[in-house]
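Protein chains in written order, with the working numbering: chain A, 1222 to 1556; chain B, 1222 to 1556.
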């Protein structure tokens, strides 16, 4: 295992300590607990709180989106493992500013179980909570079973739009509805070229052959839908766009944002070449691409590969996407 | 070779086309020439122009720093190869706003040869040009031969400070002096874990063994100063800081910016763990870290590894570092 780390057991703690050392003017820990990260800036009383949580190993997901105009707090688990429910409860309590809390996270069994328990406890304390699940990975289940779909990089659009809605002063029901609409309007297809190694395990727990690509592999190495001999960027873009459009039809005049998300080991050049191909396919059918997101948004440590997300915009979502946001990993300064 | 590309011969062209498709509101090509990228925003007449150039395969370096508050233009060559002198000449001419042009680029033989020729031609046309070379890689030559040192990620600080100086309205001599001071105040140490593959070659032209790290390897795979069995993040940080401080002493009360630059295949988590260690070593000797830069600034495509840069600040450089900048790959919105 060749990773630039110290003891595998301290991977998560030292990652978070590094982040706080770097961005302590913007992020803070809750009571020195490195599992719970909060916005260090004062938050307006009466603003709806938005929290998330999930396993480590996906930076900037999840804690990287805590900050002005996005999330109020985040709890992180071990690598690829759900945070404890008690940490979720702590996060919810810390992020209630008197108007309730939206729990916005990915559709994974452990996270759901723990968040539901935490919400029950918070509710007992009089904190009203709602839940919206990111479930954008079209490869993870057919459309008839879309409640089984995993959440991947597309959730970043929901963080952005819901965060903007809360910053504008919308109430909990309105913010929840925006988050749900954002999640309903985004689809993602992932492509893996290599596995990644959980530090405490020390070796890959799944493989991708030297000359192959796995289509639809999840960000924890969940099995995809097809293994192919390596394909070109244009072929990859076609598979992604076809599959997404079969699930969420687009027609001439529609406007979308496109996210090309590097999984951790994929050069920016390859992401740009892929964006070029996706952009061309969408332009060819009269779909306009607005505010592309190209880079690393939801990774699997050193995994090579990328995911393509398409986020269908309407005027409301577009406006919210344009609102200012400022986190150490996501900034938007449109006025 | 497992890369998400189309024909290897179209790697550079399609990368730049992807960038323009994504950020065409901020970047434009000079006369549809994908080798020359300019700021698409109007530039104030009388502003000093700043241009750079270098091989492709290092995104966001070089063209990613073209934009408001940084560079006016950039020409790119093939992967790891100098741009043609005629393109440098075109770039200089396009970026002269009547106050002369600073050519700020890395200390590599081909780039120097070609830029010198281009400057000679531009001078003949009445465009006054100056040159500052990035040469921050302390591992590439001893201090007595520092004119032989290669330029790596540290040049980004020079782009930022010189760009801010030009935006403030300083004249060519002043902007040149700032760029030179920034280059004089930055030192970098690189660490490579894996090689990378030039698309047109199709296989790695150098190797790093499975359990080893090469200390001081350059961003084109230039030989480093030592090959070791894999080390920890804390050990790596110590080697980097010791070596840099032997070259550029720091004492209690000094203020620096630290850049942890992922080389392309290194997860953000490892960069954060390394930052934590560097930050601790500097804090221990009373040196303050201001505005850290952690992420990918100068890559070698899919190479795993990172570089550590330390940029010694004074009041002038600190102020310039804080000035606003807005490029697709580097934004700073301090007011």
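Each residue gets a CB set at the ideal place from its N, CA and C atoms; glycine is no exception.
- Residue 1360 of chain A and residue 1284 of chain B have their C-alpha atoms spaced approximately 35 Å apart.
- Leaving aside the five residues that flank residue 1369 of chain A on each side, the residues in its chain whose CB is nearer than 6 Å to its CB run, in chain order, 1362.
- Inside the region 1328 to 1354 of chain B, DSSP marks whole alpha helix (DSSP H) runs of 4 or more residues at positions 1330 to 1345, from first to last along the chain.
- In the assembly as shown, residue 1470 of chain A is an exposed residue. Its beta-carbon has fewer than 16 other beta-carbons within 10 Å.
- Taking the beta carbon of residue 1451 of chain A as reference, the chain B residues within 8 Å of it are 1223, listed in sequence order.
- Annotation: the continuous alpha helix (DSSP H) that includes residue 1393 of chain A extends over 1393 to 1405.
- Inclusion of residue 1525 of chain A and residue 1414 of chain A in the CB contact set at 7 Å is warranted, their separation being smaller than that value.
- Residue 1289 of chain A sits in a strand when the DSSP states are folded into three classes.
- Of the residues B/1419, B/1412, B/1382 and B/1270, the one whose Cα lies closest to the Cα of residue 1404 of chain B is B/1382.
- As a beta-bridge residue in DSSP terms, residue 1277 of chain B pairs with B/1300.
- In chain order, 1227 make up the part of chain A whose C-beta sits under 8 Å from the C-beta of residue 1455 of chain B.
- Contiguous beta strand (DSSP E) elements confined to the region 1222 to 1276 of chain A occur at 1248 to 1251 and 1254 to 1260, taking only those with 3 or more residues.
- Taking all protein chains shown into account, residue 1334 of chain B has fewer than 16 neighbouring C-beta atoms within 10 Å of its C-beta and is therefore exposed.
- In chain A, no part has a C-beta under 7 Å from the C-beta of residue 1440 of chain B; the shortest such distance is about 13 Å.
- Rounded to the nearest angstrom, the gap between the Cα atoms of residue 1508 of chain B and residue 1243 of chain A is 14 Å.
- In this structure the region 1300 to 1320 of chain A touches the region 1334 to 1343 of chain A; the number of beta carbon pairs closer than 8 Å is three or more.
- With a contact defined as Cβ atoms closer than 8 Å, residue 1455 of chain A and residue 1533 of chain A miss out at about 23 Å.
- Distance from the CA of residue 1318 of chain B to the CA of residue 1291 of chain B, rounded to the nearest whole angstrom, comes to 15 Å.
- If you draw a straight line from the Cα of residue 1348 of chain B to the Cα of residue 1393 of chain B, it comes to about 11 Å.
- Cβ-Cβ distances below 6 Å link residue 1537 of chain B to nothing in the same chain once the five nearest sequence neighbours on each side are left out.
- Interface flag for residue 1388 of chain A against chain B is unset, since no Cβ pair is found closer than 7 Å.
- If you compare the alpha carbons of A/1327, A/1222, A/1288 and A/1398 with that of residue 1250 of chain A, the shortest gap goes to A/1288.
- Look at the beta carbons and you see the region 1495 to 1504 of chain B not touching the region 1497 to 1505 of chain A: under three pairs across the two are nearer than 8 Å.
- Note on residue 1265 of chain B: under 16 other CB atoms within 10 angstroms of its CB, so exposed under the neighbour-count rule.
- For residue 1358 of chain A, there is no enclosing alpha helix (DSSP H), since its DSSP letter is neither H nor E.
- Residue 1527 of chain A is not a Cβ neighbour of residue 1485 of chain A, given a cutoff of 7 Å.
- Straight-line spacing of the CA atoms in residue 1443 of chain B and residue 1487 of chain A works out to 22 Å.
- Taking a Cβ-Cβ cut-off of 7 Å, the neighbours of residue 1496 of chain B in chain A comprise 1239, 1242 and 1243, given in sequence order.
- With fewer than 16 other beta carbons inside 10 angstroms of its own, residue 1511 of chain A counts as exposed.
- Look at the region 1522 to 1547 of chain B and you find these whole runs of alpha helix (DSSP H), each 4 residues long or longer: 1536 to 1543.
- When only Cα atoms are considered, residue 1546 of chain A and residue 1427 of chain B end up about 42 Å apart.
- Buried is the label assigned to residue 1301 of chain B, since at least 16 other Cβ atoms lie within 10 Å of its Cβ.
- Going by beta carbons, residue 1375 of chain A and residue 1407 of chain A fall inside the 7 Å limit.
- Setting aside the 5 residues that flank it on each side, residue 1386 of chain A is surrounded in the same chain by 1395, 1396, 1399 and 1541, each with a C-beta closer than 7 Å to its C-beta; the list follows chain order.
- For the pair residue 1373 of chain B and residue 1436 of chain B, the CB atoms are not nearer than the 7 Å cut-off.
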